[in-house]
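Chains as they are written, first to last, in the numbering used here: chain A, 15 to 373; chain B, 15 to 373; chain C, 15 to 373.
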């Protein structure tokens, strides 16, 4: 139980020193600039001559127009105002009309450099490291089973109002499903108590649900028609990944991951990566599950939009939490510390706590 | 005469410790949440199990979504995100899924309380007391003759740009009628001097017009076809009520009241309550007067919109007043003192002043 | 070469003590109020009884509505709220309904005065002096040859996003023409070095281009079909005039002037005055040149819009200049000093510098 007034900036910790999905690989094609906004900054994505993805701050160092108002040629981005050309590493190789001899050589080149972000391309996503002051000291998140032929993997980019914290708390929140998504997933009847074990690590927090029966809503019936007791974990991984894992016996395994990218403090893209192993015929799963999943996400978008409006209108957050809010405040604490650059001790034992939830 | 630069916040004193009309009674029906904005805050109105009106701050104490995104059932408001339920007094009686034993009993309940505003329902309006820190020490304004069968009473809710102060100064301002409403009410010809006696009390200010002939415009001719000398008072009652009273002999009596509710600093709802006694057949009054009254209000809306834009654009007010501005600055002074919590002495003699106006 | 972070207000020096074009003479007709925004302030223009142009701050001193919501009658502006009347010099001659004897005579009149700006009407433009604290100590800019029958003079009012500084740097910038306007004016091929001599005076800065051949783009071919070496000067005159001058032999002379008026920090009207002497038949010049000139201006509008968005989004400017940016930073320096009221010494020798540009 806690109730405390927090400023909007305390509710939106900016974890810069981290990898974020900038776009699916397929969206970034040769010779075409692509602009994405992360942490409020426009980022120009393009492919170099070798096909590797590159990311520059989309502001020409010369007169501060977007470099993207020009184009990409021979693996270099060129600005549409004066034709300056930039390599994938940000160096400016051409200033049309300039008498190179009289323009300061290396010093001049450094001043004309565009800011370049480290980039990785992995498992079908282009990831950008958003901290220009520190080199990457980790690698992007790995989606288990996303490349596993025994699993059906579906991806979808979903944009919503709401901070990364709000979106992930929502994605990992069990109690709202019986109301906001009433009937689709869980219902508000015949509740039974289950045990929830929360474990907070240095860079993640998880909740294990013990004694949970297969939920009675439509999605759950389809995925696990036989019923039974579930293995169920909800996890948050720094800086912005939600993970829901269900397992029923050895045949059914469901992994729902959401890699969140903050467009701005209160707008987020959730790159959903769902990997499913199920005895159901695979050709049935997608057409049945996808419309329901999108309906559920639409309801979440609606409530996140309302929550965003209310927070902005009041200019503060004042959250009264209960035992049922198993992960939200842990996520905010991990993000706040990471934004401050305080890394936890990875070798320390997790902080563990158990509560009861009627599901 | 005065000319002084005032900030926009000095022009919009916030009198919280007061009653405001939230809605007409008929707009608030059972089992349906109704949201109104007062002083910039969203207020959820609903009816309890006994039918009495209730008002809660429309922000769920749990995760700060609007409670109104859920609904009303059995006289309780429930939040659409996690299903928390609230009584008319704001107490939270249900948190679905929560193991009550482990959640702090009374302490827990207090933290989960929604903020409740005192409410009165009177003469067809739901009134809300907007100060959460102080209990009501007055009752809402009483509209004389609104329930009197000898009078025809017409009500109308009118929304306009402009602060409460601007709207009321406009409603009680005589000189603009010959210009902004030229011909409809007064005209700019054949003017004669009249005496204006202004009396400022602790909680109201009035102007008595002495020697005024029935105006020459259309409305006045209809209401008082015989002409003659009027009794005419304009009054402001704290926090936000304008009152115009005309009497002609014993047969004609007109009371125009505007109860203003500040949606925001520069947006106001004026709940007009007009009570008329006239020798004209009652079935003629409404169809003739109403379109003209709405045309007049439309012109006032137009000028209040322009005035609001200009004040915001300059970021200040700089008003040069003359003797003709009999009430405006008194109203601002009363509101400013009330917003600071400075009550005047109700037993003191009124401050009185007399000026001449050519009408 | 320089790279430095500047605030947005450092990028938009407000030179108040100066003349700006408010409108073309023909736009200001008798008995009709005209409102223009300069430096963010609404200015009411009208003609007095003698036909002379007048300019008042468009805020009624009484209740701060726009005076223009009324009208103009007998050479006086009247406010639409209470009918106050203002002379071209701002004095308030009429307050309808007011008992003049009791209202403070001259003192009262002064307080009711509208703020009046000095005005000049010259060469088809109405100019306004925007500093209310200092009387004019100069006269408006004179457009050479605009009234000369040997020249064809074309005028056009063009509105664009961008500060005065951004618009003028763009108008006087040679290198962008080969990219943003590629093919229309210059091209990015067959470049040859030319000498650029920059001379900064107390109230203007110019660049003389020496050794420039007629450009290879379409406009240049039309205006100077014979080719040859150009005389070419680009000039900035305080507070906001750009001037491009080309001369080829004795037959061809082109003067492009842009008198900029800041609507707001980042919105500008450019009053273009183009005077042309050319051996081409005059009836051919306009239909051929005008559509191309408008296309070029459309491209400049597009890039200035992008530049404005980027500056606002980052909340700062960080410009890396090279030798090719011959005038931009000099213009900003002259404007910044003029905004501070620091006049340069007009008798001092100009600061002179020479660079090479490949054109």
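All C-beta atoms in this analysis are idealised placements derived from N, C-alpha and C, irrespective of residue type, glycine included.
Given a cut-off of 8 angstroms on the beta-carbon distance, is the pair residue i and residue j in contact?
i                      : j                      : result
residue 25 of chain B  : residue 331 of chain B : yes
residue 62 of chain C  : residue 89 of chain C  : yes
residue 65 of chain B  : residue 44 of chain B  : yes
residue 160 of chain B : residue 152 of chain B : no
residue 98 of chain C  : residue 83 of chain C  : no
residue 247 of chain A : residue 144 of chain A : no
residue 341 of chain A : residue 194 of chain A : no
residue 290 of chain B : residue 165 of chain B : yes
residue 245 of chain A : residue 261 of chain A : yes
residue 212 of chain A : residue 224 of chain A : no
residue 179 of chain B : residue 30 of chain B  : no
residue 229 of chain C : residue 200 of chain C : yes
residue 36 of chain C  : residue 142 of chain C : yes
residue 181 of chain B : residue 318 of chain B : yes
So which of the options has the shortest CA-CA distance to residue i?
i                      : options                    : result
residue 208 of chain C : C/222, C/199, C/195, C/218 : C/222
residue 303 of chain A : A/282, A/237, A/53, A/363  : A/237
residue 113 of chain A : C/365, C/351, C/337, C/353 : C/337
residue 284 of chain A : A/139, A/71, A/31          : A/139
residue 232 of chain B : B/87, B/270, B/299, B/224  : B/299
residue 96 of chain A  : A/368, A/126, A/360        : A/126
residue 154 of chain A : A/359, A/20, A/255         : A/255
residue 366 of chain B : B/295, B/94, B/149, B/218  : B/218
residue 148 of chain B : B/132, B/156, B/344, B/199 : B/132
residue 252 of chain A : A/370, A/357, A/40         : A/357
residue 69 of chain B  : B/57, B/263, B/282         : B/57
residue 122 of chain C : C/32, C/327, C/105, C/200  : C/105
residue 324 of chain A : A/369, A/351, A/176        : A/176
residue 79 of chain A  : A/267, A/93, A/329         : A/93
residue 86 of chain C  : C/76, C/100, C/288         : C/100
Please list, in chain order, the chain C residues whose beta carbon lies closer than 8 angstroms to that of residue i.
i                      : result
residue 326 of chain B : Under the 8 angstroms cutoff, chain C gives no residues; its nearest Cβ is about 10 angstroms from residue 326 of chain B.
Indicate the three-state DSSP secondary structure (helix, strand or coil) for residue i in the structure shown.
i                      : result
residue 321 of chain A : helix
residue 129 of chain B : coil
residue 15 of chain A  : Caution applies to residue 15 of chain A, whose pLDDT of 46 falls short of 50 and renders its modelled position unreliable; the value that the coordinates give is listed next. Coil.
residue 241 of chain A : coil
residue 154 of chain A : coil
residue 300 of chain B : helix
residue 21 of chain C  : strand
residue 30 of chain A  : coil
residue 230 of chain B : coil
residue 188 of chain A : coil
residue 336 of chain C : coil
residue 105 of chain A : coil
residue 313 of chain A : helix
Give the interface partners of residue i over in chain C, defined as CB-CB distance under 9 angstroms, in chain order.
i                      : result
residue 207 of chain B : 113
residue 109 of chain A : 189, 336, 338
residue 192 of chain B : 96, 97, 110, 111
Can you name the residues of chain B whose CB is closer than 8 angstroms to the CB of residue i?
i                      : result
residue 331 of chain A : 78
Confirm the yes/no value for this check: CB of residue i, any heavy atom of the ligand FMN, distance under 7 angstroms.
i                     : result
residue 84 of chain B : What this structure holds is no ligand at all, so the ligand FMN is not there to describe.
Taking C-beta pairs closer than 7 angstroms, name the residues in chain B that residue i reaches, listed in chain order.
i                      : result
residue 73 of chain C  : 324, 328
residue 373 of chain A : 111
Exercise. At a Cβ cut of 7 angstroms, what residues of the segment 76-96 of chain C count as close to chain B, listed as they run along the chain?
Worked result: Residues of the segment 76-96 of chain C whose Cβ lies closer than 7 angstroms to any Cβ of chain B, in chain order: 76, 77, 78, 79, 80, 83, 94, 95, 96.
For this session: Taking only beta carbons into account, state which residues of the segment 244-278 of chain C come closer than 8 angstroms to chain B, listed in chain order.
Result: Those would be none; no residue qualifies.
Problem set entry | Residues from the segment 212-238 of chain C in contact with chain A, defined by Cβ distance under 8 angstroms | The residues in question: there are none.
Exercise. Relative to chain A, which residues along the segment 160-187 of chain C have a C-beta separation below 7 angstroms, given in chain order?
Worked result: Correct list: empty, as no residue qualifies.
Problem set entry | Members of the segment 303-321 of chain A near chain B, C-beta cut-off 7 angstroms | Of all residues in the segment 303-321 of chain A, only 317, 320, 321 place a beta-carbon less than 7 angstroms from a beta-carbon of chain B.
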